[in-house]
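Residue numbers (the working numbering), protein chains in the order written: chain A, 1254 to 1657; chain B, 87 to 167.
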């Protein structure tokens, strides 16, 4: 006969349980009851039960401290842990390592499965992502007209780029009705863009909240509707740490509604600087151009001095000086140039040029009586009268013969 | 100048004017035209940036199944404060 002590028997039972693979790593679902936290140890004791059975549970303080929150009586939970024996009381117990509300685990598992399925379809592919237009003219916004998210977006757009026009497509953003409403709001914008006024991009937004409140943006139909958008979509849902399927389906994911509005638009201060830079380049190019023309005039003046009678030279020099001064004025006041003065300058420059050419021995031939300038042999017949303009006057002549 | 020209268009044409002038091969008359037009475009673009006000409309479905975009008072909530 083999006689055991109570301790020996209990130790044997404990060994049996501790060596069972299933009992050492169990996911256990049940309802919490009799939840107590001991003072001062902080260890938690409660019962998990279902309609047919119950089991005592002991949650050590160190593990309890790591949970986002402690379970409460009546709550359905999913716990991971092991089963062992509490020897002083001869009682088997469940020792949870981790506990979460029962619904959340299932919800996340479903979300992960859906995400994997849509990813496998290619809905989230990087290759599908479109760049945002640099200067949008019209932006569609899908959000709740009452929510702070809309104010954040509109305020950001008003500060950064008020040139843009906003078409708000209102929708509920939380609750059971939100997903179909979001899809409908998106489709209204698509229709508007395709048939009435083209949109450059669409912002889909919702302010921060508990993850349950963002859940509409994890809906499959919402993700598909976003992916099907004819124009680029920027998502701004929740806070920095929240990622929804809407974010994955969008062309660009912004952390918040405000960030979405900022990503979608340039800042007008940057654009004003760009305009100033361009205007500066324009003025610099014009100054260089006028300086070069002034140099050319100077050269023309020198060649006139060599080729023209003194009286003409004096007149030309006067005109060149006038023009040079005008050019200098233009350089100093390039910003304030007025059309009339500029056209006067152009006319005088134009008048000067043929004269300089004539002085070098070229001539302008006009066909009389109309006075059209002769540029091709076929313009005249033998016997036509011509007027030849040379530097100091006219020579009248008659066409003898033409050769093509 | 065409005051109805969009900012985007003004910026594009201003860039074109700068490039044309910087290329340096325009006849003088054309260069002056480009310069004047460029300066007016720059003023226009700057004015648009500083004077623009955000316009917001709300898209609603009418009973007949059509769509209409109605003015939306974006700052309604703010006025009460």
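For each residue, glycine too, the CB sits at the ideal point set by N, CA and C.
* Taking Cβ positions only, does residue 151 of chain B come closer than 8 Å to chain A? -> no
* Should residue 1519 of chain A and residue 1414 of chain A be called a contact, given that it needs their Cβ atoms to be closer than 8 Å? -> yes
* Can you tell which of A:1402, A:1476, A:1279 and A:1449 has its C-alpha closest to the C-alpha of residue 1351 of chain A? -> A:1279
* Give the interface partners of residue 139 of chain B over in chain A, defined as CB-CB distance under 7 Å, in chain order. => 1415
* Asked: Since residue 1528 of chain A meets chain B, which of its residues come closer than 8 Å, beta carbon to beta carbon?
  -> 97, 100, 128, 131, 132 and 135
* Closer than 9 Å by beta-carbon distance: list the chain B residues that pair up with residue 1441 of chain A, in chain order. => 145, 146, 147 and 153
* Asked: Exposed or buried, residue 104 of chain B, counting other C-beta atoms within 10 Å across all chains shown (16 or more means buried)?
  -> buried
* Asked: residue 1353 of chain A and residue 1330 of chain A: beta carbons closer than 8 Å?
  -> yes
* Spell out whether any CB of chain B is found under 8 Å from the CB atom of residue 1422 of chain A. => yes
* **Segments of 4+ residues assigned as alpha helix (DSSP H) that fall wholly inside the stretch 1289–1337 of chain A** => 1314–1317
* Under the rule that 16 or more other beta-carbon atoms within 10 Å means buried, what is residue 1389 of chain A, buried or exposed? -> buried
* Asked: Are residue 1479 of chain A and residue 1502 of chain A closer than 8 Å when you measure CB to CB?
  -> yes
* **Chain-ordered chain B contacts of residue 1398 of chain A [CB-CB under 8 Å]** => 144 and 158
* Throw me the rounded Cβ distance for the residue 1514 of chain A and residue 1456 of chain A pair, which I believe falls under 8 Å. => 7 Å
* Asked: If we cut at 8 Å on Cβ distances, does residue 93 of chain B have a partner in chain A?
  -> yes
* **Inter-residue spacing [alpha-carbon to alpha-carbon] between residue 1277 of chain A and residue 1271 of chain A** => 7 Å
* Neighbour flag for residue 1538 of chain A against chain B, beta carbons, 8 Å -> yes
* **residue 154 of chain B (DSSP reduced to helix, strand or coil)** => strand
* Tell whether a beta-carbon distance below 8 Å holds between residue 1508 of chain A and residue 1460 of chain A. => no
* Asked: Would DSSP call residue 1662 of chain A helix, strand or coil?
  -> This structure leaves residue 1662 of chain A out entirely; chain A is present only between 1254 and 1657.
* **Status (buried if at least 16 other CB within 10 Å, exposed otherwise) for residue 1636 of chain A** => exposed
* **Residue-chain proximity (residue 1276 of chain A, chain E), Cβ-Cβ < 8 Å** => No chain E is present in this structure, whose protein chains are A and B.
* Closer than 7 Å: residue 1532 of chain A CB and nearest the ligand GTP heavy atom -> In the structure on display, the ligand GTP does not appear, and there are no ligands present to speak of.
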